[in-house]
Each structure stands twice: as structure tokens, then as C-alpha cells.
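Numbering (the numbering used here), first residue to last: 1112 to 1837. In what follows, a single structure is set out as C-alpha cells and then discussed.
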Ligand code: MN
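Dropping the structure here:
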């Protein structure tokens, strides 16, 4: 328990000439005013202001701040007036206590407005006198330490507010120690089970690793001292909150925690910091991408340190922070550490770079009237590692850097993600790959027929979006394979005059299923759809001997019924729109990229649906050794769209030949996507990729190039290098 004398001792240690009389009066005043009041813990109320004052002394603040700590609740919880405080303690103390009191007074109803208002007041207070905020932080810290006495609902609300407002502000002020403690307590109350599990897991790991922490620490210290670096080395377990937050980010199980140890090296000079980093890397292998030089590039809150993560024995990683004594003080106490050098008011009027952000924030907040928008803009600044984006309605979504509109779409709703066809960012249409930036207003465009494609897995970065896309693809592929398999079997059943539906209704298929080790009929369909089992082998056994002898009905007539209507596809996306209720998973084969209008054939691939090839594609001829898997397909619609066609033009190697070919192509209003030439043996070969609308268009282009003076021949190229079903 903190006694008044402890506070005095503490101040004495860093400010021997402090005004003891002021503190005596503040203590007596507070004790008298709070007499008879008790906290939820059952202790006398005075315990609370005493602890707050002690925390402030721990921050090495001046005696005015500490007096305010002792008095911070008298306006709120007793009959004392501001005038009375003014009379007794002077203007400074009265204004500060008033400022602290005002921060937690709400005239607003909604949670969000309330939060925004707390932020606003904190900011204004910081501009006026930073000490208000420091006292408020100390107040919150002690309240968090003693939160267990409150009912659950209150605890949750307070912990949430602490996590959303107080910890970020402590962070922004560079007060790492306060921030970490606020976060840990919040976690403990918001997710008590996870917190317990995590602490237990870490404790077990520590027990198993034996004296690992001591070993690493002494190895480090010894090695550095041998090399003439005067240093102190500390080892610790990282804060529970930081471990928890990282596991959350990576969506890892609590049991999987391994990155939980951190060591700190304090050296006398910056030069020694870098030298020490070198020795650390000589001793253990550094993890790439984890070396951070915050000495050369301080964080916005003035934090400076070198960071690295290395891997010790048995693959145990640990973080090493290296900094000077002064940097360490700033890292722990932040803005409060500046206090040593200053007396009296500290605020944004100060000619101090560290207050620039604060001034900017205050200017910003005066322009933003909507409390929600204000809150959002503030959060952007308080969590600089994240990207904050808005819906047109002003709802905010935070993403890791690199997130795209697709991540945004999936954050709104899974269905919005699935149907996402594009996005407007700040009013402009952008490609789905665009990385979102802070403050972007994102509007998702949805299509009625759009569905996720495999390509999307390369665009989405958040695990949520990627999970949803993968799940959809798997389900959809299975679903479509079942459909395809069912149709293939039914088609085959007709040819063999087998009454398939009747067999199904009579459960006469158990033999087939067990033969293939399958549990359900759908699994059989899926396997046929995937091409693992041929439809014929399933059906044939049920045919009459007569049919078996005569052979199945002719292909043509029956195949006609299985014709698929295929739309030309309009983008480079691999999704193909297929019309009608009987759509199947189809795609245009990459080896030949068939054009609308030209003859095409479909081929049932293993696991990827129906590949649609140009009938002239050389790959098809090789594939047709298995006619069971051929499906007749036809174009459904001749819409205006562009397809890429590759041509090889062989010409005499003469000057100007290339220019003539190109102008011939552009005279036909045809775009060239790719062009490459090579020469040899007196010949020039021009490889072209052109945007072609249909077969007629292609014929016209080919003919025109063919008659260019000097051109020997023009050939369409089929990419036979790629596997036909790929
Ligand atoms: Mn209080």
C-alpha cells in the first residue's frame, strides 16, 4: 500500500528542492474531502488519489502535477468547488484539476460520440497543458490495476475504452511503459480466458527452456564487454498484449507462440549500439526483415532504438533492442521524460518538434464536425502502421498495408466480396489490385453474375478475404463437378438405354459406390465430373446384353443434347460466363484461346471442368484419344469483344518491312498487344499478339498482312508448349 511518505521519498530522489508544503496541503485537503468514501474494493477512497500521485512521481513529474494527482477527484466526487481550489492552491492546480474532471464528463448519448468527445477533450487539454493528460493517464492506470472489483459489464466498457483511447494516446506520447500496462490489463478483462491460457503457455515454455533467459543474457553481456562495450543487458518476456496481438494478426493458436522473449542492451553511446548489433549478428543468425533502425529513423513519438530478431539454440527466436540510456528513458516515459528539462506548463504552444503532430491534429479536429469522422482521422494518426479506409457512408475499416479493394469488399460482407467486379476509390475507378491508402473512400461495385476466381487469391491480402475466396472456390468446384458428373452419367445412360433415375430411386447403386470406396452418390458424380471415373464404366454394367452387343446409340444425336452455350469472355479474367441453368465450369483453353465464331470443342478435364479448345488446336487431336470426355460446345452470343490472337509473320529481312506490317495492322484499327522480331538467314520473323474481335476480323488481318510486299507467310500460332488442359 502506498503511503504519503512514499510519494515524498520518490520526488526527493529526482527533485530535492520540491515544494513539500504544497503536497502536504493537497494531501490533507484530499483526505478531508474524501473522508468516509470507499472504493468498490472496500478500501478508503484516499487510496486512489495516493496511488495516482505515486504513479505521477514515478513519471518524475513536478510537484504541481503530483498535487493535482492527489486532488484530481475532488471536483467530481465531493462538494468542493473550483473557486475553493483556486483560493487554496492557486490558479494552476485549480485549472488542472478542472481539466482532468472535464475529460470524463459526457453530454452525449452515443458511444461513438462519447469516445470522440473524450478524444477531443484530451487533445485540447494537451494543447493547453499536457499535465492534464498525464494525470488522466495515471488515473486510468490505477483504475485498471484495481478493475477486478467492478461488475463485468463495467469492466468491459472501461477496458475497451482504455484500449481504444488511453493506450493509443500513451503510445503517441511515447510512454511505452504506461501503454504496455494499460494494454495488458485491458486484455486481461476483455479476454480473460485467452489471457490466462497465454500466460500459462508462456510460463510453461519458460520452465521447459530452463535458464535460457539467463544464459542468453550472460552470453550477450560477456561477449560485448570482452569487446570493450560497456553495457547492461536485460531479459524479459514480451508483454502479453503484444504476444496476443501478434498471434491474432497471424491467426495463430495460442499454443503456437514462440516469439515471446526480448532482450535489451543499454550502451553508453550510439556508436556502441551499432557495434553491439554487429556482435549480436555474429553470435546468432538474424531473421531477415526484422532488423529495424529507429535510431536513424525515429518513430513519430520520438522512440529510438535498434531492433533485431535472431534465432538461438533449438530455433528459439528472440528480439534484441539496443539503445542508449537516454533513448531508453524516452522509450519508457516518452513525453514525460522531457519533463526533467522543463518547468511549468508544457503544451502544444511549445517550440518543440514533438508537439507538431498535436498542433496538426487540433487544427484538423476544428474542421471536422462529425464526431465519427473525427475519431477516424484521429485513429489514423494514433496507429500509423495501419491503413484506415472509409465507406461512402463514413464507416471505417482498418487494414494492414497493401490491402486492396477486394479485401475491403470482403470486410463489408462475404457476398459483397464474392460479387465484387470493381471499385471506385475517391470517386475514380481503379483496378482491384490497387493498394488502399489512408483516408481512401472506397465504393465496391457488384455484378449479379460475378463470382470469385483463383486469380483473386493473388489480389487479396487479408486472411479473411483469402479464406472466403478459397472456401468458395473449393465448394463451387465440388458443386460443379457433381453437376457435370450427373449430366455425363445421364447422357451416357441414355445411350445405353439405362434408366438411371430409376436406379437411383431404387438405391441400386450401392455396389458401384462401394466398389469405388465412395459413401454417397454425389461423391460418385463428383469423381465422374473430375474425370477420375468414366461415365461409361459406371453405366455400362446396367445395360441389357442386347445393347452391350449392339453398342451404344450413335454419338451425334445424343451429344447434341449436351451442347453447352458459351459466351465469349470479355476480360483477361479466366472466368467464363456460361448461359442458362445448365451452366458448367468451362474455360477457354490457354493453348489456343478460341475466337467467337470459330469451331470449338469441349473436353472434360481432370478437376477443372470443361476446357474449350479451338477445333483446330493441335492439342485437341492428342486429347481425343478418350472420346468419352469430349463435349460438344458452341458460341452463344457474338458480342463485341477483343481476344488475343498470336501470329507469326515471316518476311524478307529488308528495311521498312516491320513498319509496313505495323501500319497495315493499324489501318485495320487493330491493337497490337505484343510485338517481337528476330532475324537470321536473311529472314525476319515477327511475333505478334493482336486484339481480334472474331474470326472474320482475324481472316481480314491475316490476309492483309499476307499481301504486304516482302511478307513470305503469316501463321496463327497455337501455344503447344503449354499443356492443353492447363
Ligand atoms: Mn480518479
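For glycine and all other residues, C-beta sits at the position ideal for the given N, C-alpha and C.
With a cutoff of 7 Å, residue 1145 does not count as near the ligand MN, since its C-beta is closer than that to no heavy atom of the ligand.
With respect to residue 1784, residue 1801 sits close: the two C-beta atoms are nearer than 8 Å.
Under the three-pair Cβ rule at 8 Å, the region 1409 to 1421 counts as touching the region 1388 to 1395.
Residue 1500 holds the alpha-carbon nearest to the alpha-carbon of residue 1551 among 1184, 1340 and 1500. Between the region 1243 to 1256 and the region 1159 to 1175, the count of C-beta pairs closer than 8 Å reaches three or more; the two stretches touch.
Annotation for residue 1434: the continuous beta strand (DSSP E) segment containing it runs 1428 to 1435. In this structure, DSSP gives residue 1234 a helical state, which the three-state scheme calls helix.
Short of 8 Å from the beta carbon of residue 1185, and not among the five residues preceding or following it, lie these beta carbons of its own chain, in chain order: 1140, 1141, 1144, 1145, 1191, 1196 and 1208. Here residue 1726 is exposed. Its C-beta has fewer than 16 other C-beta atoms within 10 Å.
Note that the region 1256 to 1273 does not touch the region 1425 to 1433; fewer than 3 beta-carbon pairs, one per stretch, sit closer than 8 Å.
In chain order, the residues that have a beta carbon nearer than 6 Å to some heavy atom of the ligand MN are 1159, 1183, 1184 and 1250. Following the DSSP letters along the chain, one finds residue 1377 inside the beta strand (DSSP E) bounded by residues 1372 to 1378. Around the beta carbon of residue 1285, 16 or more other beta carbons lie within 10 angstroms, which makes this residue buried. Across the structure, residue 1578 and residue 1569 are spaced so that their CA atoms are roughly 12 Å apart. Put simply, of 1624, 1643 and 1607 the residue whose alpha carbon is nearest the alpha carbon of residue 1663 is 1607.
Among the bridge pairs identified by DSSP, residue 1404 is matched with 1417.
With three or more CB-CB distances shorter than 8 Å, the region 1698 to 1708 counts as touching the region 1803 to 1817. Secondary structure of residue 1663 (DSSP, three-state): coil.
In the DSSP assignment, residue 1266 falls outside any beta strand (DSSP E) and within the unbroken alpha helix (DSSP H) covering 1263 to 1272. According to the DSSP assignment, residue 1384 belongs to the alpha helix (DSSP H) that extends over 1381 to 1394.
Within the same chain, and ignoring the five residues on either side of residue 1573 in sequence, the residues whose Cβ sits closer than 8 Å to its Cβ are 1510, 1511, 1514, 1518, 1521 and 1522. Judged by beta-carbon spacing, residue 1597 lies within the 8 Å limit of residue 1636, meaning their Cβ atoms are closer than that value.
When DSSP states are grouped into helix, strand and coil, residue 1164 belongs to the helix group. Here residue 1765 is near residue 1821, since their CB atoms are less than 8 Å apart.
Bounds of the beta strand (DSSP E) holding residue 1794 are 1794 to 1803. At least 8 Å separates the beta-carbon of residue 1813 from that of residue 1769. Under the DSSP definition of a beta bridge, residue 1713 partners with 1723 and 1742. Per DSSP, residue 1299 is one residue of the alpha helix (DSSP H) stretching across 1287 to 1301. For residue 1755, the enclosing beta strand (DSSP E) stretches over residues 1754 to 1763. Here residue 1447 has 1170, 1171, 1172, 1245, 1284 and 1286 as same chain residues with Cβ atoms under 8 Å from its own Cβ, once five neighbours each way along the sequence are excluded.
Residue environment analysis places residue 1524 among the exposed positions, since fewer than 16 neighbouring C-beta atoms fall within 10 angstroms of its C-beta. Where residue 1511 is concerned, the enclosing beta strand (DSSP E) starts and stops at 1507 to 1511.
Taking C-beta separations shorter than 6 Å and ignoring five residues to either side along the sequence, the partners of residue 1162 in its chain run 1113 and 1253, following chain order.
Excluding five sequence positions before and after residue 1545, the CB atoms of its chain that fall closer than 7 Å to its own CB belong to 1515, 1516 and 1536, given in chain order. Around the beta carbon of residue 1731, 16 or more other beta carbons sit within 10 angstroms, so the residue counts as buried.
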